[in-house]
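Below is one structure, written out as structure tokens; comments come after it.
There are 2 protein chains.
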Amino acid sequence: MVRHAIGIDLGGTFLKGGIVNERGELLETHTIPSEVHKGPERILENLLDTARHLSDRAKERGVSLSGIGVVSPGVIDPVYGGIAGGAENLPGWEKVPFMRTMEGLFGLPVSAHNDVTSHALGEARFGAGRGKRNIVMASFGTGIGGGIIVDGALYSGSIGYAGEIGHIAVHAGGRTCACGTKGCWEEYASIRGILRLARAAIARSRRAQTGARQARSPWPGEGAALTPEAIFEAARRGDDTALEIVDEIGRETAVGIGGLINVFNPEIFIIGGGVAAAGSAAGGLYLEAVKRHLPSWTLEFSLRAVELVEARLGYEAGIIGASVLVFEGINVHRDGLP
Amino acid sequence: MVRHAIGIDLGGTFLKGGIVNERGELLETHTIPSEVHKGPERILENLLDTARHLSDRAKERGVSLSGIGVVSPGVIDPVYGGIAGGAENLPGWEKVPFMRTMEGLFGLPVSAHNDVTSHALGEARFGAGRGKRNIVMASFGTGIGGGIIVDGALYSGSIGYAGEIGHIAVHAGGRTCACGTKGCWEEYASIRGILRLARAAIARSRRAQTGARQARSPWPGEGAALTPEAIFEAARRGDDTALEIVDEIGRETAVGIGGLINVFNPEIFIIGGGVAAAGSAAGGLYLEAVKRHLPSWTLEFSLRAVELVEARLGYEAGIIGASVLVFEGINVHRDGLP
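Top line first, the protein sequences correspond to chains L and B.
Residue numbers for the first sequence follow this note's numbering, so the first one is 1 and each next one is one higher.
Residue numbers for the second sequence follow this note's numbering, so the first one is 1001 and each next one is one higher.
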């Protein structure tokens, strides 16, 4: 019999939930705003509503559930039953032992894990990493998160905090990261890193034009918001400044990926997150730029052994990752001794 | 019954061998020069001599052997039965399928693996990492090598090349490493990195004294060779320049260790190799300096969860690591299909 689980992706904006079978197929989804600004009680209420809705739907479908999986920013403590910290965009959320509450309400095993880690697990099982045993995934968004699959199993480290790949110092002594370290990779290749690169390149380009004949601004997106999407799109149209920016993005991204390939010698390296999605939408310019720079930052042996690919699971990656936690019995809530 | 194995550590200078039982105890050792400058045939001859001597001794002791383990620089290909590359200080050695030859001669299973990786495995089982499940070891010598133990098992990556931690770019765009990458950690925290730091600090200190009253050189080891030992020893005696150098060594070393702790969230991080040994001999100054800088480069959560310690296995680390390969059936030579 094919098992089923509820998978819920708790994000800063949306609570995305779904009923997933163990082949990674989504039977249905349910999304509501997470309303994090209304405080942790409201988040919990919304989380429980989502689970209740999906649990009711499973009953209507005659599907029996193996458990509920939740992915959330931060570090999960499955004994406490909530997050131990590291989720700055969910203020107060570390005070809520939601796993315990859900287990009591629904009478099902409840698993939870970090969102990016779980996303990597989902990609490993049902996405770009299917069938591979050693996988590193990097997600480029507000920050840079990571997920590591080692010999086929999710690697979480000693307290579930493994995969903080955005906090390798690649420009040691450089820009101060939110974590306090000077020169974290995240300061150079996350969205804010990329936009900083872009602003600098645009300023250089403008200075170069001062006094020159050409009166037009070199940036075609002028006036519009500067976003990864706008940069990749302008590059796709052939804008010189945008092409230069994309090349720099490729270099700064390859620096960290190369180091991780040297450390892990993975079969596959998956890139995901908002930046990768924006690059993908613009014809694969991002992947191409990273690949162009990767040989400068990677040992030849390990480079030859690895495939660099884009994530395949899209919007539903978190939901599917959450369900895999259930199917594989990862980070199941268990009360500690009193 | 307690099993026994022959463990052999093939280094650029010595071939160190021993008979080891599965409790990690050395029954006896045998060391000869490896004579790498005399070419791969001579290395093989010496390797076989070492194995033959120890195999004879095992017979005399009435000890039956479970296998032979060999640790070597480079990447082992257990199907080919030799190294696939990456051992620049053993010229021609990649042409010798020594595992195949040994298996034929001795009629025993032959395991082989990278030396630093195996050293980490030895430390995990019988040294500083005993009883821990998630371990990273860094060895600071001519370069920086690494070994990774994940959920209790040695992690070798997809083709045995995992653990090349010296080739994370921590000063991306900085000094060119032998591997071609600009800014590898190895260029800053290996012996050559350290000596470069030291020479710069000594030069600064001399410039600061030009025209000043003090006529003496600030470097007490003046005239003697500049080595990690001399630096740590001078620092132990309270020399200001040496103390400053040790502090810089601590910072450059902590940069990489911090990144690795963020990625792996290990229970224990072991530092070994010639630099760690020199620091240890001078009263633990190296470990102390690294610990002082580590909070600047590590996430608080993962820093709290990790112990930073010195390697415990000394001269015999490679021999013991080689024997563990046998006991755990790691990288055993197996002919590929024709």
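We put the beta carbon where it would ideally sit given N, CA and C, even for glycine.
Computed from a predicted structure; not experimentally measured.
DSSP, read as helix, strand or coil, puts E307(L) in strand.
Interface with chain B (9 Å Cβ-Cβ cutoff): I144(L) is excluded.
Listed as beta-bridge partners of H37(L) by DSSP are no residues whatsoever. The alpha-carbon of E1288(B) is positioned some 29 Å away from that of Y1155(B). Contact between V1326(B) and A1005(B) is confirmed by a C-beta separation of about 4 Å, below the 8 Å threshold. Taking 9 Å as the upper bound on Cβ-Cβ separation, chain B lies near residues V75, A84, G85 and G86 of the region 69-87 of chain L. L1226(B) carries a coil assignment under DSSP once its states are collapsed to helix, strand and coil.
Residue contact with chain B for I159(L): present (Cβ-Cβ distance below 9 Å to some residue of chain B).
Within chain B, the residues placing a beta-carbon under 7 Å from that of N265(L) are G1157, S1158, I1159, Y1161 and A1162, ordered along the chain. Shown here for A282(L): same chain residues with a beta carbon closer than 8 Å to its own, the five before and five after excluded, namely E229, F232, E233, A235 and R236 in chain order. Secondary structure of A1162(B) (DSSP, three-state): coil.
Taking 3 residues as the minimum length, the beta strand (DSSP E) runs contained wholly in the region 1246-1313 of chain B are 1268-1272 and 1307-1310, in order along the chain. The beta carbon of S1296(B) sits closer than 9 Å to some beta carbon of chain L.
Non-local C-beta neighbours of K1132(B) in its own chain, meaning closer than 6 Å and more than five positions away in sequence, comprise E1267 and I1268, ordered along the chain.
Taking the beta carbon of G250(L) as reference, no residue of chain B falls within 8 Å; the closest one sits roughly 13 Å away. For I1168(B), the residues of chain L that pass the 7 Å Cβ criterion are I168, G259, N262 and V263, in the order they occur in the chain. CA-to-CA, the gap between D1049(B) and V1036(B) works out to about 15 Å. In the three-state reduction of the DSSP assignment, M1102(B) falls in the helix class, which pools H, G and I. For H171(L), the nearest CB of chain B lies under 9 Å from its own CB, placing it at the interface with that chain. Exclusion of the five residues before and after V1290(B) leaves G1250, T1253 and A1254 as the residues of its chain whose Cβ lies within less than 6 Å of its Cβ. At a cut-off of 9 Å between beta-carbon atoms, A1282(B) makes no contact with chain L.
Sequence-distant partners of T29(L) (beyond 5 residues in either direction) whose C-beta falls short of 6 Å from its own C-beta, in its chain, are G18. Closest in C-alpha terms to L65(L), from the list G74(L), A51(L), P73(L) and S72(L), comes A51(L). For G180(L), the closest of T1031(B), G1318(B) and P1295(B) by C-alpha to C-alpha distance is P1295(B).
When DSSP states are grouped into helix, strand and coil, G1018(B) belongs to the strand group. The beta carbon of R133(L) sits closer than 9 Å to some beta carbon of chain B.
At the C-beta level, A242(L) and V71(L) stay beyond 9 Å of one another. For G129(L), no alpha helix (DSSP H) segment is defined, and its DSSP state is neither H nor E. About 7 Å separates the beta carbon of A138(L) from that of I257(L), a gap short enough to meet the 8 Å contact definition. Per DSSP, G82(L) is not a residue of any alpha helix (DSSP H); the beta strand (DSSP E) it occupies stretches across G82 to G85. Around G1081(B), the same chain offers P1097, M1099, R1100 and H1333 as residues with beta carbons nearer than 6 Å, after the five sequence neighbours per side are excluded. Looking only at V170(L), I194(L), G174(L) and E244(L), the smallest Cα-Cα distance to S205(L) is reached by E244(L).
Just measuring C-alpha positions, the residue of L105(L), N262(L) and R312(L) sitting nearest A277(L) is R312(L). In the structure shown, N46(L) falls within a helical segment according to DSSP collapsed to helix, strand and coil.
Near chain L, meaning a CB-to-CB distance below 8 Å, no residue of the region 1025-1041 of chain B qualifies. Residue-level contact check: V96(L) does not touch chain B, since none of the beta carbons of chain B fall below 9 Å from its beta carbon.
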